[in-house]
Structure formats: C-alpha cells, structure tokens
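Those sequence lines, one after another, are chains B and G. Okay, so the first sequence: first residue is 1 according to this note's numbering, each after it adds one. Okay, so the second sequence: first residue is 466 according to this note's numbering, each after it adds one. The structure appears below as structure tokens.
2 protein chains.
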Amino acid sequence: MNPLKHRVKQLGNQLEEIAQRGLDRHVRLGVTGISGAGKTAFITSLVNQLLHGESQLLPAWQVMEQQRFLGARIARQPDLTLQPFDYTGALDCLQQTPPSWPPSTRTISEIRLALRYLPEKGLAGQIGRPVTLYLDIIDYPGEWLLDLPLLQQSFDQWSDAIWQQLQRPAWKTQTQSWCARVAALSSDETDGVIAEVARDYASLLQTLKRECGASLLQPGRALLPGELAGAPVLEWFPLPPAMRSSLAEDSPLIQRLTERYSAYCDQVVKPFFRHYFARLDRQVVLVDCLTALNQGRDQVEQLSHTLQALSHSFHYGPGSTLGRLFRPKIDRVLFAATKADHVTVDQHHNLLQLMHNLMKGSRRQPRYFGTRMETLVLSAINATRQGQVERSGSTVAVISGQSLDGESCVRFPGEVPTQLPERQFWQQQGFRFRPFSPPVCEAGSALPHMRLDYALQFLLGDKMR
Amino acid sequence: MNPLKHRVKQLGNQLEEIAQRGLDRHVRLGVTGISGAGKTAFITSLVNQLLHGESQLLPAWQVMEQQRFLGARIARQPDLTLQPFDYTGALDCLQQTPPSWPPSTRTISEIRLALRYLPEKGLAGQIGRPVTLYLDIIDYPGEWLLDLPLLQQSFDQWSDAIWQQLQRPAWKTQTQSWCARVAALSSDETDGVIAEVARDYASLLQTLKRECGASLLQPGRALLPGELAGAPVLEWFPLPPAMRSSLAEDSPLIQRLTERYSAYCDQVVKPFFRHYFARLDRQVVLVDCLTALNQGRDQVEQLSHTLQALSHSFHYGPGSTLGRLFRPKIDRVLFAATKADHVTVDQHHNLLQLMHNLMKGSRRQPRYFGTRMETLVLSAINATRQGQVERSGSTVAVISGQSLDGESCVRFPGEVPTQLPERQFWQQQGFRFRPFSPPVCEAGSALPHMRLDYALQFLLGDKMR
Numbered sequence: 001m002n003p004l005k006h007r008v009k010q011l012g013n014q015l016e017e018i019a020q021r022g023l024d025r026h027v028r029l030g031v032t033g034i035s036g037a038g039k040t041a042f043i044t045s046l047v048n049q050l051l052h053g054e055s056q057l058l059p060a061w062q063v064m065e066q067q068r069f070l071g072a073r074i075a076r077q078p079d080l081t082l083q084p085f086d087y088t089g090a091l092d093c094l095q096q097t098p099p100s101w102p103p104s105t106r107t108i109s110e111i112r113l114a115l116r117y118l119p120e121k122g123l124a125g126q127i128g129r130p131v132t133l134y135l136d137i138i139d140y141p142g143e144w145l146l147d148l149p150l151l152q153q154s155f156d157q158w159s160d161a162i163w164q165q166l167q168r169p170a171w172k173t174q175t176q177s178w179c180a181r182v183a184a185l186s187s188d189e190t191d192g193v194i195a196e197v198a199r200d201y202a203s204l205l206q207t208l209k210r211e212c213g214a215s216l217l218q219p220g221r222a223l224l225p226g227e228l229a230g231a232p233v234l235e236w237f238p239l240p241p242a243m244r245s246s247l248a249e250d251s252p253l254i255q256r257l258t259e260r261y262s263a264y265c266d267q268v269v270k271p272f273f274r275h276y277f278a279r280l281d282r283q284v285v286l287v288d289c290l291t292a293l294n295q296g297r298d299q300v301e302q303l304s305h306t307l308q309a310l311s312h313s314f315h316y317g318p319g320s321t322l323g324r325l326f327r328p329k330i331d332r333v334l335f336a337a338t339k340a341d342h343v344t345v346d347q348h349h350n351l352l353q354l355m356h357n358l359m360k361g362s363r364r365q366p367r368y369f370g371t372r373m374e375t376l377v378l379s380a381i382n383a384t385r386q387g388q389v390e391r392s393g394s395t396v397a398v399i400s401g402q403s404l405d406g407e408s409c410v411r412f413p414g415e416v417p418t419q420l421p422e423r424q425f426w427q428q429q430g431f432r433f434r435p436f437s438p439p440v441c442e443a444g445s446a447l448p449h450m451r452l453d454y455a456l457q458f459l460l461g462d463k464m465r
Numbered sequence: 466m467n468p469l470k471h472r473v474k475q476l477g478n479q480l481e482e483i484a485q486r487g488l489d490r491h492v493r494l495g496v497t498g499i500s501g502a503g504k505t506a507f508i509t510s511l512v513n514q515l516l517h518g519e520s521q522l523l524p525a526w527q528v529m530e531q532q533r534f535l536g537a538r539i540a541r542q543p544d545l546t547l548q549p550f551d552y553t554g555a556l557d558c559l560q561q562t563p564p565s566w567p568p569s570t571r572t573i574s575e576i577r578l579a580l581r582y583l584p585e586k587g588l589a590g591q592i593g594r595p596v597t598l599y600l601d602i603i604d605y606p607g608e609w610l611l612d613l614p615l616l617q618q619s620f621d622q623w624s625d626a627i628w629q630q631l632q633r634p635a636w637k638t639q640t641q642s643w644c645a646r647v648a649a650l651s652s653d654e655t656d657g658v659i660a661e662v663a664r665d666y667a668s669l670l671q672t673l674k675r676e677c678g679a680s681l682l683q684p685g686r687a688l689l690p691g692e693l694a695g696a697p698v699l700e701w702f703p704l705p706p707a708m709r710s711s712l713a714e715d716s717p718l719i720q721r722l723t724e725r726y727s728a729y730c731d732q733v734v735k736p737f738f739r740h741y742f743a744r745l746d747r748q749v750v751l752v753d754c755l756t757a758l759n760q761g762r763d764q765v766e767q768l769s770h771t772l773q774a775l776s777h778s779f780h781y782g783p784g785s786t787l788g789r790l791f792r793p794k795i796d797r798v799l800f801a802a803t804k805a806d807h808v809t810v811d812q813h814h815n816l817l818q819l820m821h822n823l824m825k826g827s828r829r830q831p832r833y834f835g836t837r838m839e840t841l842v843l844s845a846i847n848a849t850r851q852g853q854v855e856r857s858g859s860t861v862a863v864i865s866g867q868s869l870d871g872e873s874c875v876r877f878p879g880e881v882p883t884q885l886p887e888r889q890f891w892q893q894q895g896f897r898f899r900p901f902s903p904p905v906c907e908a909g910s911a912l913p914h915m916r917l918d919y920a921l922q923f924l925l926g927d928k929m930r
C-alpha cells in the first residue's frame with residue numbers, strides 16, 4: 001500500500017473509532033439488599049448470563065430476542081480504589097464438586113462489563129454498526145441506604161424513635177440489660193465508658209439482626225464498620241427520652257453523642273450518597289421475603305418497615321432533602337423478590353403480591369417524581385426443578401433439588417401468603433421455605449435462573465435500543 | 466446581687482471568655498518513623514509527661530522551668546473518623562506485672578491534649594492570665610511519607626529505579642524468583658495474573674523488610690494496605706527495563722501498570738499529603754539506628770537512604786513539587802535517634818554523630834527554606850540504669866535492666882560508631898545493642914525518659930512563651 005493510501009486508511013480508522021466512541025454508552029447499576037438477600041448470587045448470575053449471551057435463556061430481553069446482542073466481556077473497573085466484585089471466585093464456588101454458595105460481600109465492590117450490540121437504528125441511518133454499552137455494577141450493603149433518614153432527623157428525634165423500637169416486647173430479652181446500663185449513665189461519663197457502651201450497642205444490633213431478623217438498624221456502619229472500627233465517629237447510641245429531658249442540654253454526655261451523630265451524618269452518610277448513590281443510573285433492591293416468613297410475624301413486619309424505608313431512598317422529588325443534597329439520577333428501580341426457586345411456580349404470583357403489600361404505599365410514589373419502580377419475582381441461580389406428585393388421588397406441585405447437606409429431596413414448600421398473616425395464624429403454624437444447595441453447574445454453560453431476562457429488559461432494554 | 470450588676474458581671478465573664486479564646490493556640494504535631502522505631506512508646510511517654518507535668522523531670526522545657534505550666538488533660542480529638550491514639554491501652558501494658566511494650570500501631574491515629582499555661586506576657590499587659598494550647602498529635606506510618614517521590618516520577622522512572630534496587634546482591638535470594646516470574650510475563654496478561662504478581666510483590670516487600678531490614682520500599686501501602694487490600698489501585702509492580710523497551714508502549718501490560726501507578730499517586734498518595742501532612746505544624750521523625758547496626762552494613766546503608774528520603778519530605782522550597790501541590794507549613798522537624806537507653810550515656814554523642822552522617826547533606830537544606838531541622842538522641846521510656854564496673858583495674862560504663870525474658874542483667878553494649886563502619890569491620894565483628902523490658906512503672910508517677918524535655922522545648926517552646 002502506498003504511504004498516502006495508508007495515511008488515509010489510518011485517518012479513516014481513527015474517525016470511525018471516534019464516531020463509535022460517541023455512540024458508546026454507560027449505565028451505572030446499583031445492586032443492594034439487606035445482607036442475606038443474595039446480592040452475590042444475583043450479580044454472579046447476571047454477569048454469567050451476559051458473558052454467555054445465550055438467546056434461548058434470555059427470551060424476554062429484547063436485544064437478545066431480536067438477535068442484536070453480540071457479546072460481553074469483563075472490562076477494567078473505573079474506580080480503582082474499590083474492591084473488584086469477585087466474579088471468578090464466586091463462579092469457582094458454584095462449579096466445584098460439590099457446589100457451594102459463594103460467600104457474601106461485606107463492603108462496596110464494582111465490576112464493569114462491556115456489552116456489544118447492534119442498535120435498532122444506527123447514527124445517520126448506519127444500520128448495523130455495533131456499539132458498546134458499558135455496564136458498571138456497584139454492589140453495596142443495603143444497611144448504608146438505611147442510614148438516609150438520619151440526615152433528616154436531629155439526634156433527639158433519632159434517639160427517641162430508636163429507643164422506642166428497642167422496647168419492642170419481642171426484643172426485650174436481648175435489649176433489656178443494655179438499656180438498663182444506658183439509663184444508669186451519668187451526665188459526665190468518660191470517653192472510655194461511652195466507647196464501651198457504643199461497642200455493646202453494636203453487638204446488640206448484631207444480635208437483633210441474627211436472632212430477631214431485625215434489619216432496620218441504625219447506624220448501618222455499626223454492623224459493617226470497615227476501616228471506621230474504633231473511630232469516635234461510630235461511638236454514639238440512643239438515650240432514653242426520660243434521660244434526655246432530665247439531663248441539661250449542655251450535659252457533656254448529650255453534647256458528645258450529638259456531636260458524633262452529626263459527624264457520622266456529615267463524614268460517613270453524606271459521602272456515600274454523594275460519591276456512589278448519586279452517580280447511579282439504575283438500581284436493583286433484592287428482597288428475601290421467604291426467610292422473613294420462616295422467622296415469624298415480627299420479622300415480616302420488620303421487613304415491611306425496612307422495605308418502606310429502602311424505597312424512600314428513591315423518593316427524591318423536587319424539594320426533598322435527598323434531591324436537594326445529592327441530586328440522584330436513578331430513573332428505574334427494580335425491587336426483586338429473590339429465591340423464587342424455593343417455592344413452586346404457582347406461588348410466584350402470591351410472592352409478588354406479598355412484596356407489594358409489605359411495601360405498602362411506598363411502591364407508587366416514585367413514579368410521580370420521574371422514577372419508574374418495578375417489582376419482579378426471580379431466582380438468580382435456580383437450584384430446584386419443578387414437578388408434581390400424586391397425593392391421595394390429587395396432583396400436588398413440588399420442587400426437588402439437593403438439600404444444603406447434599407441429600408436429594410422433593411419438597412412441598414406450601415403456599416406463600418399474599419399478605420402478613422394474622423397473629424392467630426402464627427400461633428398455629430409457621431412457614432418453612434428451606435434453602436437448597438446450588439445446582440451442579442457445568443463450566444461451559446450459563447447458570448440456570450428464573451426471570452433474569454425480565455430484569456435485564458427493565459434495567460437495560462431502553463439503553464440498548 | 467441586683468439584676469443590673471448581675472448582667473454586667475455576666476457580660477464581663479463572656480468578654481473574658483472571648484478574649485481567652487482569642488489567646489488559645491493550636492499545634493498539630495506529626496509523629497512518624499519506620500515501623501519499629503518506637504512511635505507508640507514516644508507518644509505514650511510524651512502524653513504521660515504532659516499529664517504529670519512534674520517540673521523536675523522536664524527541666525529543659527522552659528515553660529516548666531519557669532513554673533508557668535499549669536497542667537494538661539486529654540481533650541476530644543478533632544477528626545472523629547480517625548482511630549484515637551490508645552494512650553490508656555499503652556499505659557496499661559507498661560503498668561501491668563510484668564510490664565510489656567505496647568503493640569505498635571499500623572495506621573493513622575490521633576490524640577488531642579489541652580495544655581494550660583501562663584504566658585510570659587499576657588495580652589495588654591495582663592500578666593498571668595492562663596491560656597490553653599491545644600496539641601494534636603498525629604501518628605502515621607513513615608512508609609506513607611516514603612511514597613512522596615512517586616509524585617515526581619513517571620512509572621518508567623520508578624520502575625527502573627526499583628528494579629535496580631531489587632537486583633542488590635544482598636537481596637538476590639529473596640528477589641530472584643519473583644523477578645524471573647515478572648520477566649516471563651507476556652504483554653497481554655489477564656487482570657487475574659497481574660493481581661497475583663502484585664500480591665507476590667507485596668509479600669516480597671514484607672520479606673525484604675523483615676529479613677533484610679529494608680525500609681525504603683514502595684508502594685508504602687503494599688506494606689500497610691488497610692481498606693485498600695484487594696483494590697486494583699494497589700495492583701502494580703516494577704518491570705525489568707529490558708522488558709519495558711521490548712514491549713510496545715501501548716502494550717496492555719504496560720498500560721495497565723502505568724494507569725494504576727497514576728491512580729495510586731492521585732487517589733492514595735496525594736490525599737494523604739493534602740489532608741494530613743499539609744495540615745501539620747511540627748514533625749518528629751523517630752530513627753532507630755541501633756537495630757540497623759545490629760542487622761549489618763547493608764541495613765545501615767538502607768537506613769541512610771531512607772533517612773535522606775524522609776528528610777526530603779521537608780524540603781519544600783518555592784517551586785518544589787511538594788510545596789506547589791500541598792503548601793505544607795511544617796516549620797520545625799525533629800529527627801530523634803531513639804532507644805538511647807540501650808547504650809551508655811558516653812555513647813550518646815556518637816549516636817548523634819552517626820545519625821548526622823547517615824542523613825548526609827539532607828540535614829542542612831531545609832533551614833534554607835524556612836524549616837528548622839533539629840536532631841536529638843533520646844529515650845522515650847528509659848528501661849535501663851547507668852552504672853560502672855571495675856574490669857581488670859579500669860572502670861567500664863555499663864547499663865543494667867531486665868532482659869526481654871525478665872532476667873536482671875548488666876550489659877556493656879560497647880561503642881556506637883560515628884559513621885558507617887568499613888566493610889572489613891563487619892566481617893570481623895558486628896554490633897549487639899539488645900532490647901530491654903520496660904521499667905516497672907508505678908501508676909502514680911511519670912514514665913522515666915531521657916531528653917523528652919529537650920524535644921518538648923524544640924517542638925513547643927516558642928508556642929508557649
């Protein structure tokens with residue numbers, strides 16, 4: 001090739017590259033949920049589906065159904081100071097013999113995928129020119145979102161609300177000794193004592209989470225402190241209202257706690273919303289209703305409060321504190337009821353209804369402010385097979401799989417209620433939606449799932465037209 | 466008292482308070498040193514001396530000698546997101562039976578003291594009106610300062626310099642297998658392989674530190690990663706110069722490493738200098754020459770390089786990168802040779818000379834730029850008693866104390882060289898300046914020390930006139 005032709009070709013390539021880069025798009029997708037909801041399984045399976053890109057497994061995703069999806073690869077993550085989401089490690093767990101569920105993550109992590117596809121209509125009629133959508137998946141603890149209300153409350157308001165919560169009869173056994181200790185504090189306790197009481201408060205929250213299924217616990221970082229462990233910014237706790245009014249407002253104890261509460265809001269909560277939350281475009285919130293049902297009425301009520309609080313994070317109409325402080329731009333939120341493979345398919349509708357009822361009014365408001373909120377029942381990694389058995393002459397829907405200790409089993413998990421059952425019901429019986437081992441996953445094939453394609457269509461469909 | 470008089474008195478009190486507040490001063494004192502130099506012992510003893518405030522123990526500190534020091538107390542630390550320096554914990558270690566050295570810290574921590582004193586001359590002739598000096602002590606790893614040169618180097622320059630360092634004959638045993646592995650990397654290694662090689666590089670640095678007494682190791686966070694463990698911003702390492710020139714500049718491997726090197730400079734090194742270093746007023750650098758002498762010639766040479774690099778952090782004349790980027794305002798730096806109680810008093814002068822010689826020219830330059838640099842030999846917590854024994858008719862200076870395993874012992878530690886001894890010397894003999902257990906410290910009395918009062922006078926004397 002003569003030099004001139006070569007230069008022209010080079011120039012042509014460069015122009016093409018620039019034009020293509022102009023077409024490239026970015027979507028930042030947040031994935032959250034209260035720990036145990038299955039964030040790691042969800043992200044692992046989502047990445048797995050995208051990397052495999054098998055159209056017959058993702059029929060409800062338009063770009064796939066229209067055969068415009070060309071493939072995906074893991075790209076370099078943009079924020080190098082974040083932990084990378086450990087996709088390979090998670091997949092290794094699922095593909096070992098016997099397979100195991102990947103360990104859950106305890107902090108924020110990130111993975112970037114480059115999705116290559118053909119747009120429906122190209123720029124200036126250039127049909128069929130492939131473009132790339134960069135999808136950043138940001139995985140963060142739901143506990144961090146639940147700190148949002150602190151920004152709208154004074155220490156006194158927060159303290160009164162939490163103190164009342166700690167008096168719930170169901171929690172009495174766990175909370176009473178800590179509460180008694182706080183009530184006996186004097187107005188001029190040393191920082192050492194305050195630090196100790198704060199540490200005990202953090203352990204109390206852990207206990208409530210573990211033993212009572214509590215999830216609306218504040219401050220969120222008391223549960224997952226990371227590098228802040230031991231720093232005074234975490235050393236505060238609620239006081240009994242009676243004590244707050246008997247102590248002078250300038251008592252050292254109240255001053256100390258108030259000051260730290262403010263520091264937590266300014267130096268921990270706000271930076272998270274500013275640096276991460278406000279930069280998200282789309283959000284998935286994973287909800288595990290079945291485990292709450294297993295635990296009892298109180299836990300389902302807790303979940304309901306938590307869901308309402310979580311969805312409140314997406315209510316940022318003009319004039320709201322959140323909207324004013326951080327200008328979030330999330331325009332689609334998916335609340336997904338997970339672990340749908342723990343029940344028979346005919347119960348999925350009930351599960352969806354239950355989630356709707358637990359979310360109450362909070363589900364509808366965001367649309368009014370320009371955010372679309374969708375709900376879905378899904379299984380990120382399907383660990384069971386659906387079946388039927390004859391029982392006393394009638395046909396009963398069942399699921400089969402491997403129990404957590406590796407035994408093959410056929411289960412009739414029963415009905416999912418469409419709303420919180422009455423108190424009477426819990427006295428007579430409860431629920432038992434039991435977990436399964438992961439399915440045996442072969443290295444070359446995509447993970448089995450339920451309705452991840454619906455999730456992809458809602459989250460990315462409009463971005464890949 | 467009638468209401469008017471009461472109001473006037475109130476107003477008077479308020480004015481007095483405002484006037485006093487105007488007189489209050491703040492000093493932010495950085496304390497650093499390569500880990501093992503004794504930062505925790507130094508800060509613990511400094512705080513202890515200030516809290517006890519016994520004038521006969523701190524004669525060289527003017528405010529004490531002139532009986533103007535009124536007392537000190539621990540005040541609330543200003544930055545609530547930092548770990549508090551654990552003074553009580555450290556003191557507990559020293560005061561238990563048998564006493565033990567407090568564990569060393571691995572991250573940044575902070576403690577604030579309020580020092581109450583009478584100024585030499587009060588405002589408007591108000592002699593004798595007490596004022597408060599707030600002293601913030603910020604303890605941080607010297608390894609973080611040693612990352613400063615990265616800001617002035619490209620990845621290529623850094624890589625070449627470090628690669629050469631890794632080829633030192635004394636380090637060959639430790640470095641050769643890692644170096645061979647890097648040399649065999651191809652230009653398009655996966656992120657997984659890069660992460661693995663980076664992890665091995667971090668272990669190699671740990672080994673060099675532990676076994677070869679190396680201290681000028683980069684990146685500093687590879688040794689103390691904290692919350693960055695696992696993040697790509699730490700996943701880079703040097704390449705052999707031959708490899709750098711044989712690979713194309715746009716080879717994925719070189720691009721990846723260069724990109725992360727830049728991210729480390731921008732997102733890890735710069736924030737430390739901006740948020741912490743640039744806000745310091747005074748700095749102490751602790752130097753453990755005796756342990757290096759025990760280890761050998763190579764280690765003393767290493768220490769010399771490290772000292773020069775450390776002191777370079779205080780050379781920020783107009784036009785320097787450091788001065789331009791961060792505008793540091795440290796105007797006094799104390800390089801203190803620690804563990805002076807491991808040798809007899811007659812050797813202190815030699816120890817000082819040795820430190821001067823190891824620092825070479827780097828000791829003098831800062832004064833030119835408006836920073837005063839001072840050197841001192843001290844013992845933060847004196848664990849030995851000085852004595853004399855008769856030996857073959859002559860008197861020999863000795864020290865006595867408890868060995869680390871609790872035995873009473875009398876030692877003749879020998880001479881400290883005034884400069885790096887010749888190679889020949891090391892072949893014939895070495896040094897053995899052995900550590901001691903902490904002295905038995907009674908709860909009510911101040912810790913024994915050597916020359917902390919000189920340190921206080923240099924660091925705070927002018928601020929407490």
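Virtual Cβ for every residue (Gly too), placed ideally from N, Cα, C.
Cβ-based burial, residue i [other Cβ within 10 Å; buried from 16]
i: MET1/B; result: Residue confidence for MET1/B is low, a pLDDT of 43 falling below 50, so the modelled location carries little weight; the figure read from the coordinates is stated next. Looking at its Cβ environment, which holds fewer than 16 other Cβ atoms inside 10 Å, MET1/B is exposed.
i: PHE335/B; result: buried
i: SER394/B; result: exposed
i: ALA72/B; result: buried
i: ALA337/B; result: buried
i: PHE85/B; result: buried
i: ILE603/G; result: buried
i: GLN767/G; result: buried
i: ASP462/B; result: exposed
Short Cβ contact (9 Å threshold) for residue i with residue j
i: MET464/B; j: LEU46/B; result: no
i: THR771/G; j: ILE499/G; result: yes
i: LEU135/B; j: LEU50/B; result: yes
i: VAL416/B; j: VAL343/B; result: yes
i: LEU704/G; j: ALA687/G; result: no
i: PHE272/B; j: TRP163/B; result: no
i: ILE659/G; j: ARG709/G; result: no
i: GLN165/B; j: CYS179/B; result: no
i: THR105/B; j: THR40/B; result: yes
i: GLN267/B; j: LEU545/G; result: yes
For residue i, the three-state DSSP class (helix, strand or coil)
i: PRO697/G; result: helix
i: GLU519/G; result: coil
i: VAL268/B; result: helix
i: GLY361/B; result: helix
i: ALA920/G; result: helix
i: ALA648/G; result: helix
Is the segment 775-791 of chain G close to the segment 911-929 of chain G, with three or more CB pairs under 8 Å? no
Using a Cβ distance threshold of 8 Å, determine whether the segment 891-901 of chain G contacts the segment 752-759 of chain G, with at least three qualifying pairs required. yes
Report yes or no: do the segment 187-200 of chain B and the segment 276-288 of chain B share at least 3 C-beta pairs separated by less than 8 Å? no
Any contact between the segment 521-538 of chain G and the segment 902-919 of chain G? By contact I mean 3 or more CB pairs, one from each, below 8 Å. Taking 8 Å as the limit for Cβ pairs, the verdict is that the segment 902-919 of chain G does touch the segment 521-538 of chain G.
Is there contact here, the segment 640-649 of chain G with the segment 528-535 of chain G, by at least three beta-carbon pairs under 8 Å? no
Inspect the CB distances between the segment 647-657 of chain G and the segment 553-571 of chain G and report whether three or more fall short of 8 Å. no
Ranges of the alpha helix (DSSP H) found wholly within the segment 546-612 of chain G, counting only runs of at least 4: 552-560 and 607-610
Kindly provide the ranges of any beta strand (DSSP E) runs that are 3 or more residues long and lie completely inside the segment 300-347 of chain B, ordered along the chain. Counting only runs of 3+ residues, the beta strand (DSSP E) found wholly inside the segment 300-347 of chain B occupies 332-337, in chain order.
Using a Cβ distance threshold of 8 Å, determine whether the segment 815-822 of chain G contacts the segment 870-886 of chain G, with at least three qualifying pairs required. yes
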